[in-house]
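Student: Order-wise, the sequence lines are chains E and W.
Counting with the working numbering, you get residues 5 to 753 for the letters of the first sequence.
Counting with the working numbering, you get residues 5 to 753 for the letters of the second sequence.
2 protein chains.
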Amino acid sequence: MLAMPLMAMAAEVSSPSGNVQLKFYLDNGGRPTYEMSYKGRPVVLPSHLGLELARDKHASAGMDETDLMAGFQIADEQTTEFDETWQPVWGETKDIRNHYREYAVTLIRQWRSAPPVVGPGNPQLAPRQHLRNIVIRFRVYDEGIGLRYEFPQQQELNYFLIREERTEFRMAGDHTAWWLPGDYDTQEQETQQSKLSEIRQRFREAVNWGNSSVAVFSETGVQTALQMKSDDGLYINIHEAACADYATMHLELVDEQTKALTTELQGASNAYTPNPLPSAYPLPQPFTFVSHLTPDATGLKGAMQTPCQTPWRTVMVSDDARDMLSSNLILNLNEPCALDDTSWIHPTKYCGVWWEMIVGKSQWSYTWDYPSVYLSNIDYSKCKPNGRHGANNEKVKRYIDFAAKNGLDEVLVEGWNVGWEDWANMWKRDVFDFVTAYPDFDIKMLNEYAHSKGVRLLMHHETSSSTQNYERHMEQAFQLMNKYGYDAVKTGYVGDIIPRGDHHYSQSMNNHYLYVVKEAAKHHIMVNAHEATRPTGLCRTYPNLVGNESARGTEYEAFGGSRPDHTCILPFTRLQGGPMDYTPGIFVTRLSEWSDNDSWARITICGSLALYLTMYSPLQMAADLPEHYERFDDAFQFIRDVACDWDESIYLEAEPADYITVARKAKGTNNWFIGGKCDEQGHQSVIKLDFLDKGRKYDCTIYADAKDAHYETNPQAYVITKRVVKQGDKLKLNEAPGGGVAISLMARE
Amino acid sequence: MLAMPLMAMAAEVSSPSGNVQLKFYLDNGGRPTYEMSYKGRPVVLPSHLGLELARDKHASAGMDETDLMAGFQIADEQTTEFDETWQPVWGETKDIRNHYREYAVTLIRQWRSAPPVVGPGNPQLAPRQHLRNIVIRFRVYDEGIGLRYEFPQQQELNYFLIREERTEFRMAGDHTAWWLPGDYDTQEQETQQSKLSEIRQRFREAVNWGNSSVAVFSETGVQTALQMKSDDGLYINIHEAACADYATMHLELVDEQTKALTTELQGASNAYTPNPLPSAYPLPQPFTFVSHLTPDATGLKGAMQTPCQTPWRTVMVSDDARDMLSSNLILNLNEPCALDDTSWIHPTKYCGVWWEMIVGKSQWSYTWDYPSVYLSNIDYSKCKPNGRHGANNEKVKRYIDFAAKNGLDEVLVEGWNVGWEDWANMWKRDVFDFVTAYPDFDIKMLNEYAHSKGVRLLMHHETSSSTQNYERHMEQAFQLMNKYGYDAVKTGYVGDIIPRGDHHYSQSMNNHYLYVVKEAAKHHIMVNAHEATRPTGLCRTYPNLVGNESARGTEYEAFGGSRPDHTCILPFTRLQGGPMDYTPGIFVTRLSEWSDNDSWARITICGSLALYLTMYSPLQMAADLPEHYERFDDAFQFIRDVACDWDESIYLEAEPADYITVARKAKGTNNWFIGGKCDEQGHQSVIKLDFLDKGRKYDCTIYADAKDAHYETNPQAYVITKRVVKQGDKLKLNEAPGGGVAISLMARE
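1. Over what stretch of residues does the alpha helix (DSSP H) that includes R594(W) continue unbroken?
2. Whole angstroms are fine: how far does the CA of A407(E) sit from the CA of P630(E)?
3. Grouping DSSP H, G and I as helix and E and B as strand, with all else coil, what is L450(W)?
4. Please classify V211(W): does DSSP put it in a helix, a strand, or coil?
5. Who pairs with Y285(E) in a beta bridge, going by DSSP?
6. Spell out whether any CB of chain W is found under 9 Å from the CB atom of Q114(E).
7. Could you list which residues in chain E have their beta carbon closer than 7 Å to that of S512(W), in chain order?
8. Just the C-alpha distance for K98(E) and C341(E), rounded to the nearest angstrom, thanks.
9. Could you give the distance in angstroms between the alpha-carbon of E81(E) and the alpha-carbon of T318(E)?
10. What three-state label does DSSP hand E634(E) in the structure shown?
11. In the structure shown, what three-state DSSP assignment does D697(W) receive?
12. Out of W213(W), D189(W), D733(W) and L230(W), which has the shortest C-alpha to C-alpha gap to I203(W)?
13. Name the residue from M430(E), N514(E) and I529(E) whose alpha carbon lies nearest to the alpha carbon of L461(E).
14. Alpha carbon to alpha carbon, how far is W420(E) from L412(W)? Give it in angstroms, no decimals.
15. Could you give the uninterrupted runs of the beta strand (DSSP E) lying entirely in the segment 46-117 of chain E, keeping only those of 3 residues or more?
16. Along the chain, where does the alpha helix (DSSP H) that runs through T318(E) open and close?
17. Closer than 7 Å by beta-carbon distance: list the chain W residues that pair up with N137(E), in chain order.
18. Ignore the nearest five residues each way along the sequence and tell me which others in G458(E)'s own chain have a CB closer than 7 Å to its CB.
19. Pick from P503(W), W348(W) and G95(W): whose alpha carbon is nearest that of G489(W)?
20. In this structure, how does DSSP classify W183(E) when only helix, strand and coil are distinguished?
21. Taking only beta-carbon positions, decide if N674(E) is within less than 9 Å of chain W.
22. Kindly indicate if chain W contains any beta-carbon less than 9 Å away from that of L165(E).
23. At what residues does the alpha helix (DSSP H) containing Y517(E) begin and finish?
24. Identify the contact partners of E479(E) in chain W, using a Cβ-Cβ distance below 7 Å as the criterion.
25. In the DSSP assignment, the beta strand (DSSP E) including S198(E) goes from what residue to what residue?
26. Taking Cβ to Cβ, would you say F291(E) is nearer than 9 Å to A219(E)?
27. Answer with yes or no whether the minimum CB distance from M430(E) to chain W is below 9 Å.
28. Give me, in chain order, the residues of the same chain whose beta-carbon lies closer than 8 Å to that of A627(W); leave out the 5 immediate sequence neighbours on both sides.
29. Check each residue of the segment 149-176 of chain E: if its Cβ is closer than 8 Å to any Cβ of chain W, include it; give the result in chain order.
30. If contact means a Cβ-Cβ distance below 7 Å, which residues of the segment 41-70 of chain E contact chain W?
31. Using three-state DSSP, classify R668(E) as helix, strand or coil.
32. Verify the CB distance criterion: does L549(E) have a CB-CB separation below 9 Å to chain W?
33. Alpha carbon to alpha carbon, what distance is there between Y474(W) and T310(W)?
34. Using only CA atoms, which one of K669(W), D638(W), F640(W) and D637(W) lies nearest to D651(W)?
35. Which residues in the same chain as Y31(E) place their Cβ atom closer than 6 Å to its Cβ, once the five residues preceding and following it in sequence are excluded?
36. Quick one: does V476(W) have its CB under 9 Å from some CB of chain E?
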């Protein structure tokens, strides 16, 4: 038996204001248990914490114990308070306050080796007492909590494999949830709105089975950040923070029909080995979410070395939806900036040779000569061009001219490098080299041309998810970027992961994404990773991670379209972990006007303008074609004017899937910008300008939907109004169905 | 239906001398079938050829046909002859003749799409006719055949996944075989000698289950090169040539007990999903070997892009065992040298700080301070040294001095770089950085010291099978080697492969090994890869691949020992594909004489000397300690003298597992060396020196086992005799049990 004194008391910790209350204790079986409340109302009912380890074939005798679920005793407790204000390299506000109370409990677990066969040859196998300890750390904020598991370095927990993490979040009722089907390889589904009890019946129709990446695992599996609202008006959000070298977490809901965690989902395109709870443990109560990590190719969830820790599991809560958007809880739970020099990192507005390819009017590829392409065997200069290649010198110069004229910083060019003839879903390892341009893309000339006009090109590295190939070429690819003056790269991870059997959100892939960010930082390169795992605030630590896609972006407007409320949900869900390269700005929403694509974007022009405010990102694209912006140059003035880095942000109105209105003060200026975006219902409101400087006058330009504007029937109807305003003035705002409003407030003097 | 004329005749092709006969035809079901005979005696009875593809989730409608087994028609046939003599960069002979008759048959397979559900929305799904073609190419040599599948680029066979290759080799009788258990991750078992019909009952005892890498898949699965001998004295060997970016082949024997290909092997440490033959096909006849490829993490065997081909499947045959050793069939089936400049590649004799660590007297690691090590967190200069670290300045200088004094070219140093405290079987990705030396290894000083004495250090990169980590650091590691003047690296792949779920001999790993060789060539670095896949003659194409381990090497003499006949088998099996870094030269065979290790090597000193001839390699180690060689300096003279590159080689005597005697003429000289190695029975013979130059006199030194020498009781008893010999003289040779003989013949004038 252990000699040190053991404590059995329950701990209670309040947030600094007292709004959030956390309780922790061991239940009768020694299972770690926590509860959480907000202003006295339950948020998380008693929920267990723990992990199952996997039996490793290399484990030494007596060390194959896999239970980190129960049988714990408390060995130590520490409660502390922390209050600090820090400045992000870029962000929604100049200062971020990180104020929490912390409770760290050290738990020990003792067990005896199974009785071995003892003989003269193996006296070392005599049964003996073993001991492990872990720490569970809670941080309690006024707007929620973070909790994580920590594994100190110790003889009996050194290297270990995770079979599953079993962190529970037992909800207090049948909340409304905005959810995506839990999936190991895609995050690009449309958000579902339903009661928790309806998830199972809605699940199959929620999956876009036509997406070749679909890898769902449970009929109640959902992704984070998961936004919920209780019947009595509490907003609750579950996500994670600082997910580095650990598998991305999904949540599996226990409902009345749940028989086991996890049953195989019949019909799923990727086979999955069920991972039931050990039979020793009863199923959690209905309305409990249980963590479900993304597996590696062998079905396991993590290979760990102590000392180490899991990401933070976060539960945000408020009775005001705006707090869900203004909270910095996720960023605060990440580590401070790890880069010594961040002077080369800058918010960026850009346009690009991209939308016309997404729509299908031009191509990434250069030739149609070959049914398949070996990069090493083909001389592209001798191929017959297909005449549709988008990334050609003439077109890129046109975009550079447009960017220079309109104050855009960079020009993205996709399809500049050889290999696009066959690149996706081929299980093709050596798919791109990231350094060889097509014959009609003169990389030296175009970069020099851009630089002469004060513009940079923005690099594109589609990896086709062949991560081994990308890692083999990355250093040379970054050297090429340095040579020609690129300072940012958009990466892509379309299709199945190579090495085969791995998934987009596994521990190994999460390590890869961060490896790329770190290597890029050595070259002073900013990264905007598409199809990579959903962010968890790592941009605080590595601020050259300026963007991610990791959700359904504007490209889907060319793939059948997204619902009008889509962008009123994303800030509550996807954006909790970091900015999204949503690529807004579609002015000509009926694609058939200029292409063979009959998709259409369900948004008005003013709705598009509003996204530059409501979808916060330091990287903002003007995604439509230059000629489309030239047709609506008076509206485009807002995109020319709008900032993408801020000293202050005030969420004025918010309701998930309905509307969001935000005012932001541009970095280092006295200018403000306001954006309001609404769903298919339209939105009307009166905004009081009490955040403006007292005594200062502002030239106010309002880009508003016309009275008869409508995302379907009349999306290009807008009215631009100019007036002078001051602190305390009120603005009456009208947003059409699927529309929005955008306002610039330029300070006089 | 296809319009082109189809041929139905059987083809017969003879080797240039007529000794080997090949027959090819389609059977009634359109299955490709071949037969092979030698001097009229059957070698391969009628055997099928074919592959099964896997259904890919991305296959377009109608393109999910997976059968490449039957239903073929012959569309074209080509028979040609080829005769060329080429010069290897290094080798057993100066010239190699490549003389064969070739037969290439183009096979087409047509099928109709399954009837689809046709509707207004999917008219493109109407059933239609499909067509694929493949080529099977045979090369018929006087000492055997090679055959391979080729997949031309075509619309209906572009990218594809291999479920299994089903190449059959139906043996004509119950031959004696020298076999290793088929295994996805280790080749380091002792060879079994048994009848084919005894493999199943011998299988479990043939597996060293204590080896943590064991991943066997079938109770009749064996490795190649598989050496056999028929009851009527035919020597038959099955292997493969030019295995690049394709999974390594095993063979699964169909015997009377076979119920299905492949049944899961209960008790194997790695789970394996059985891969039975499609039910449409009957089991092959008993005594048929069927190819079985190494799977990737998902259980599939290959991801291919046309145009492409499989490796050559080889069947060597002769009625004289010596032809098995002198044949260049495997090298000839490989592509010519792909390197423009090979001037930097050189055969090498070396010693190293290695054996004392293998034996356990010193350590690779530097400190015992930590239960686990994070390279990024530890300052080794502040650690407490364990006092056992082998790769220290003083010791390395001692080895450099020894090498310089004795004409050895290089000194291997293992354990020079940080991370050896915990490196194997931990699932630890970031295990080594390959550039940071331990504090007591002054890399600059030691290289300068070595160079000042005309010696180089030989680099060591143990990857711990964390291939992702190695590929991330490789370029920097090679740059470090260039900086300090290393020109060769010994790599290692101990433990489980990372990425998890992959195997040592999979397509992906075979690609990795060759990737390393190619990248090394760019840096003028020679590679000697341990635990990598068994070689298949790729050293012809990439002659900087100067060695491989890929079998049970001398290290096992410290792990319990190997049988005395072990080195009389390896040249017939493992060495068919390329040289082995066997690390011979153990003089003090009782390890307990100088360490706590009670293993002992089952060989006499003269047996050890003989290995420098009988185990051909351009890379030869003097593996024992300098002080041991100094004790037997007169015997060590042979190691000082012996060459490791040759103009000519004559196998004088050979019988698998019994004895091998070979004479070799040292490159660019008139000197000859003879080595004879025998099993536990001893061996006596009379060698006639008719290969010497007429009229020339030679100073002959014979290193022979003493009369009472014996590998167990008297291994260090030898007699050195000097005399002058000339062409036609006879030498009477006596080899003790587990012994051998070594002879130098130094030409006068």
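Glycine included, each C-beta is placed from N, C-alpha and C at the ideal position.
What you are looking at is a predicted structure, and each value in this text was computed from that prediction instead of being measured.
Tutor: The short version:
1. Here R594(W) belongs to no alpha helix (DSSP H), and DSSP marks it neither H nor E.
2. Approximately 9 Å, taken between the alpha carbons.
3. In the three-state scheme derived from DSSP, where H, G and I count as helix and E and B as strand, L450(W) is classed as helix.
4. The answer is coil: DSSP assigns V211(W) none of H, G, I, E or B.
5. Y285(E) pairs with nothing; no bridge assigned.
6. Taking Cβ atoms only, chain W never reaches closer than 9 Å to Q114(E), which makes this a no.
7. Those within 7 Å of S512(W) in chain E are P503.
8. In a straight line, the C-alpha of K98(E) is about 15 Å away from that of C341(E).
9. Rounded to whole angstroms, E81(E) to T318(E) spans 21 Å at the Cα level.
10. Here E634(E) sits in helix by DSSP.
11. In this structure, DSSP gives D697(W) a state outside helix and strand, which the three-state scheme calls coil.
12. Checking every option, the nearest Cα to that of I203(W) belongs to L230(W).
13. Measuring from the Cα of L461(E), the nearest candidate turns out to be I529(E).
14. Inter-residue distance for L412(W) and W420(E) is about 53 Å (C-alpha atoms, whole angstroms).
15. Unbroken beta strand (DSSP E) stretches of 3 residues or longer found wholly inside the segment 46-117 of chain E: 55-57, 76-90 and 100-116, given in chain order.
16. Run containing T318(E): none in the alpha helix (DSSP H); it sits in the beta strand (DSSP E), W316 to S322.
17. Within chain W, no C-beta atom comes nearer than 7 Å to that of N137(E); the closest sits roughly 13 Å away.
18. Excluding five sequence positions before and after G458(E), the CB atoms of its chain that fall closer than 7 Å to its own CB belong to A408, given in chain order.
19. A check of alpha carbon separations from G489(W) across P503(W), W348(W) and G95(W) identifies W348(W) as the nearest.
20. For W183(E), the secondary structure class from DSSP, reduced to helix, strand or coil, is strand.
21. By this cut-off, N674(E) is not an interface position.
22. Yes, its Cβ sits closer than 9 Å to a Cβ of chain W.
23. Here the alpha helix (DSSP H) through Y517(E) covers Q511 to K526.
24. One finds E479 in chain W with Cβ atoms closer than 7 Å to the Cβ of E479(E), taken in chain order.
25. Note, S198(E): beta strand (DSSP E), Q196 to K199.
26. Contact: no.
27. Yes, because at least one Cβ of chain W sits closer than 9 Å to the Cβ of M430(E).
28. Counting only Cβ-Cβ distances below 8 Å, and skipping sequence neighbours, we find C355, G356, W358, W359, T558, T587, P588, G589 and I590.
29. Residues of the segment 149-176 of chain E with a C-beta atom less than 8 Å from some C-beta of chain W are Q157, Q158, Q159, N162, Y163 and L165, listed in chain order.
30. For the segment 41-70 of chain E, residues whose beta-carbon sits nearer than 7 Å to a beta-carbon of chain W comprise K61 and H62.
31. Reduced to three states, the DSSP call for R668(E) is strand.
32. Not one chain W Cβ lies under 9 Å of L549(E).
33. The alpha-carbon of T310(W) is positioned some 29 Å away from that of Y474(W).
34. Measuring from the Cα of D651(W), the nearest candidate turns out to be K669(W).
35. First, the residue type needs correcting, since residue 31(E) is Asp and not Tyr in the sequence shown. Taken in chain order, the residues that qualify are T37.
36. The amino acid occupying residue 476(W) in the given sequence is Arg; Val does not appear at that position. With respect to chain E, the C-beta atom of R476(W) has a partner C-beta closer than 9 Å.
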